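**Q** I have a structure here, written as structure tokens, and I will follow up with some questions on it.
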Amino acid sequence: MPSQSLLKSRNEVFKEIKHVGEDVAISSLHLFHGYMDLPPLSFHGSLEEQCDEEEEPEEIEPVLKGVPPAYHQYLDVLSKVKAEKPPPHCACDHHIKLEVLLPPVGVIHSLSNQESETMRAYILENVEKVFIRPCSSSIGAPVLFVKKKDGGLCLFVDYCKLNAVTRKNRYPAPPMNQLLTIFNRSTILSQIDLCGEYNILRIKEGDEHLTAFRAKYGSYEYLVMPFGLTNAPASFQNLVNGIFSDFLDIFALVYLDDIMVFSSSEEEHVKHLSFVLPRLRDNNLFVKASKCVLHSSSVEYFGYVVSSDGLKMDSSNI
102 MPSQSLLKSR
112 NEVFKEIKHV
122 GEDVAISSLH
132 LFHGYMDLPP
142 LSFHGSLEEQ
152 CDEEEEPEEI
162 EPVLKGVPPA
172 YHQYLDVLSK
182 VKAEKPPPHC
192 ACDHHIKLEV
202 LLPPVGVIHS
212 LSNQESETMR
222 AYILENVEKV
232 FIRPCSSSIG
242 APVLFVKKKD
252 GGLCLFVDYC
262 KLNAVTRKNR
272 YPAPPMNQLL
282 TIFNRSTILS
292 QIDLCGEYNI
302 LRIKEGDEHL
312 TAFRAKYGSY
322 EYLVMPFGLT
332 NAPASFQNLV
342 NGIFSDFLDI
352 FALVYLDDIM
362 VFSSSEEEHV
372 KHLSFVLPRL
382 RDNNLFVKAS
392 KCVLHSSSVE
402 YFGYVVSSDG
412 LKMDSSNI
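Heads up: the sequence shown runs through residues 102 to 419, numbered per our numbering.
Right, dumping it as structure tokens:
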């Protein structure tokens, strides 16, 4: 158990933190380690330098084998290191508009040993990535857990009460029946899945305290958009539509983190992907190599198998 003096010091630091930065991230990590009776951390170089470390060759080479040579110049969009850095602020930052002054405060549930370990690991990892920071917000949502297939736990924040008092963003989602008919004229398809999901968007400055969650180890607020916020899909779709607006329905379709590129020939497809990949790089978007399909005659897309022959239900879903 931490001493009373340590608890006092911890609470004082939380109140003093106003802005995210290298000093805040590192001091928060040291503080969390001390509170949890973990070994002290040792940092060599700046946080930015650590984030910019090159990936090991053995991590890149397997990816190279699955990527046509024409796209090797864009391999930085597959960087796992860069994908885990906090994104920059942009015009599409997630803004939370409330219909009432403040949502109510959530309760802190009692936790099992497994839940405590999962929460501790989650907080440590996301403070280190500068995705969350300690806070002294007057509000806070409760934390819940969902069992994974492998027996582990997935932590999520229950934003039901916040969502109930949030003004809804009615940004339109692409109608799936129209999206799928566009593929009929295509013979070559590529599917690109983005890393980070909702975390590729920042919370608008000044709104971070509204994302606060309460844990047995203190209160924390998000600097990136978390899962569970009512307008998160709308903000995400707004971002990707803006980035790929001049490609949409011509040779690309974008639905949240799923990008489809379609062409009528191999030569045309190389050209189209050579437009899409640098656009990802220029907007700090990164790709999950394991979930990408390049230069294929058919792809799976939201329960369908799409090819030049049309649409078929994915047999694995029947």
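Cβ atoms here follow ideal geometry from the backbone N, Cα and C, with glycine treated the same way.
All values reported here derive from a predicted model rather than from experimental measurement.
Do you know offhand how far Leu202's Cα is from Asp308's?
**A** Here the question's residue 202 lines up with position 101 in the sequence shown. Here the question's residue 308 lines up with position 207 in the sequence shown. Each residue's alpha carbon lies about 13 Å from the other.
**Q** Examine the Cβ distances between the segment 336-343 and the segment 212-229 and report whether three or more of them are shorter than 8 Å.
**A** No contact exists between the segment 336-343 and the segment 212-229.
**Q** Taking contact to mean 3 or more Cβ pairs, one atom from each stretch, closer than 8 Å, check whether the segment 181-194 and the segment 369-388 are in contact.
**A** The segment 181-194, when compared against the segment 369-388, does touch it at the 8 Å Cβ threshold.
**Q** For His396, name the three-state secondary structure that DSSP assigns.
**A** As a first step, residue 396 must be located in the sequence shown, where it is residue number 295. Three-state result, His396: strand.
**Q** Out of Glu322, Asp359 and Tyr172, which has the shortest C-alpha to C-alpha gap to Ser238?
**A** For this step, residue 238 is matched to residue 137 along the sequence shown. Of the candidates Glu322, Asp359 and Tyr172, the one whose C-alpha sits nearest the C-alpha of Ser238 is Glu322.
**Q** Taking 8 Å as the cut-off, decide whether the C-beta atoms of Pro187 and Val231 are in contact.
**A** As a first step, residue 187 is located in the sequence shown; it is residue number 86 there, counting from the start. As a first step, residue 231 is located in the sequence shown; it is residue number 130 there, counting from the start. Cβ atoms of Pro187 and Val231: closer than 8 Å.
**Q** Return the Cβ separation of Phe348 and Phe376 in integer angstroms, given the expectation that the two are a contact with Cβ distance under 8 Å.
**A** Residue numbering aside, residue 348 sits at position 247 when the sequence shown is read from its first letter. Residue numbering aside, residue 376 sits at position 275 when the sequence shown is read from its first letter. Phe348 to Phe376, Cβ: 7 Å. Contact.
**Q** Between the C-alpha atoms of Ala353 and Leu302, what's the straight-line distance to the nearest angstrom?
**A** To locate residue 353, count along the sequence shown from 1; it is residue 252. To locate residue 302, count along the sequence shown from 1; it is residue 201. Distance between the alpha carbons of Ala353 and Leu302: 21 Å.
**Q** Whole angstroms is fine: what's the gap from Glu185's alpha carbon to Ser211's?
**A** Taking the sequence shown and counting its residues from 1, one reaches residue 185 at position 84. Taking the sequence shown and counting its residues from 1, one reaches residue 211 at position 110. Rounded to whole angstroms, Glu185 to Ser211 spans 31 Å at the Cα level.
**Q** State the DSSP-derived secondary structure class of Met326, mapped to helix, strand or coil.
**A** Translated into positions along the sequence shown, residue 326 becomes position 225. Reduced to three states, the DSSP call for Met326 is coil.
**Q** So, helix, strand or coil for Arg268, using DSSP?
**A** Translated into the one-based positions of the sequence shown, residue 268 becomes position 167. Coil.
**Q** Excluding the 5 residues flanking Asn264 on each side, which residues of the same chain have their C-beta closer than 6 Å to its C-beta?
**A** Numbered from 1 along the sequence shown, position 163 holds the residue referred to as residue 264. Same-chain partners within the cutoff: Thr331.
**Q** In angstroms, rounded to a whole number, what distance separates the CA positions of Tyr405 and Pro235?
**A** As a working note, residue 405 is residue 304 in the sequence shown. As a working note, residue 235 is residue 134 in the sequence shown. Each residue's Cα considered, the two are about 43 Å apart.
**Q** Which residue wins for smallest C-alpha separation from Gly297, given the options Phe246, Asp358, Val341 and His196?
**A** Walking along the sequence shown from the start, residue 297 turns up at place 196. Nearest option by C-alpha distance: Asp358.
**Q** Who are the near neighbours of Lys249 in its chain, counting only those whose CB is closer than 8 Å to its CB and skipping five residues on each side?
**A** What you label residue 249 is simply residue 148 of the sequence shown in a count that begins at 1. Closer than 8 Å at Cβ, skipping near neighbours: Cys255.
**Q** Short check: CB of Val388 to CB of Ile293, under 8 Å?
**A** In the sequence shown, the residue the question calls residue 388 occupies position 287. In the sequence shown, the residue the question calls residue 293 occupies position 192. Yes. Within cutoff.
**Q** Out of Ala171, Val266, Lys198 and Leu378, point me to the one whose CA is closest to Asp177's CA.
**A** Here residue 177 refers to the residue found at position 76 of the sequence shown. Of Ala171, Val266, Lys198 and Leu378, the residue nearest in Cα terms is Leu378.
**Q** Can you check which of these residues, Ile360, Ala274, His195 and Leu179, is closest to Leu311 by C-alpha distance?
**A** Taking the first residue of the sequence shown as 1, we reach residue 311 at position 210. Taking only the C-alpha atoms, the option nearest Leu311 is His195.
**Q** By the three-class DSSP mapping on this structure, what secondary structure does Ala242 have?
**A** Taking the first residue of the sequence shown as position 1, residue 242 is located at position 141. Ala242 falls in the strand class under three-state DSSP.
**Q** In chain order, which beta strand (DSSP E) runs of at least 3 residues are fully inside the segment 335-381?
**A** List check, beta strand (DSSP E) in window: 353-356 and 359-364.
**Q** Measure from the alpha carbon of Pro204 to the alpha carbon of each residue in Val182, Ile233, Ile240 and Lys198, then state which is nearest.
**A** For the purposes of this step, residue 204 is taken as residue 103 along the sequence shown, with counting starting at 1. Cα-wise, what sits closest to Pro204 is Ile240.
**Q** Assign Val258 to one of three DSSP states: helix, strand, or coil.
**A** Walking along the sequence shown from the start, residue 258 turns up at place 157. Val258: strand per DSSP, three-state reduction.
**Q** Go ahead and pull the three-state DSSP assignment for Ser320.
**A** Residue mapping note: residue 320 aligns to position 219 of the sequence shown, counting from 1. Correct three-state label for Ser320: strand.
**Q** Using three-state DSSP, classify Ile197 as helix, strand or coil.
**A** Position 96 of the sequence shown holds residue 197. It is coil, neither helix nor strand.
**Q** Apart from the five residues on each side of it in sequence, which residues of its chain come closer than 7 Å, Cβ to Cβ, to Cys152?
**A** By one-based count along the sequence shown, residue 152 stands at place 51. For Cys152, the predicted model reports a pLDDT of 37, less than 50, meaning its position is unreliable; a value from the coordinates is still stated below. Counting only Cβ-Cβ distances below 7 Å, and skipping sequence neighbours, we find Val182 and Lys186.
**Q** For Ala171, which of His373, Lys317 and Asn300 has the nearest alpha-carbon?
**A** The sequence position of residue 171 within the sequence shown is 70, counting from 1. When each option's Cα is compared against that of Ala171, the closest is His373.
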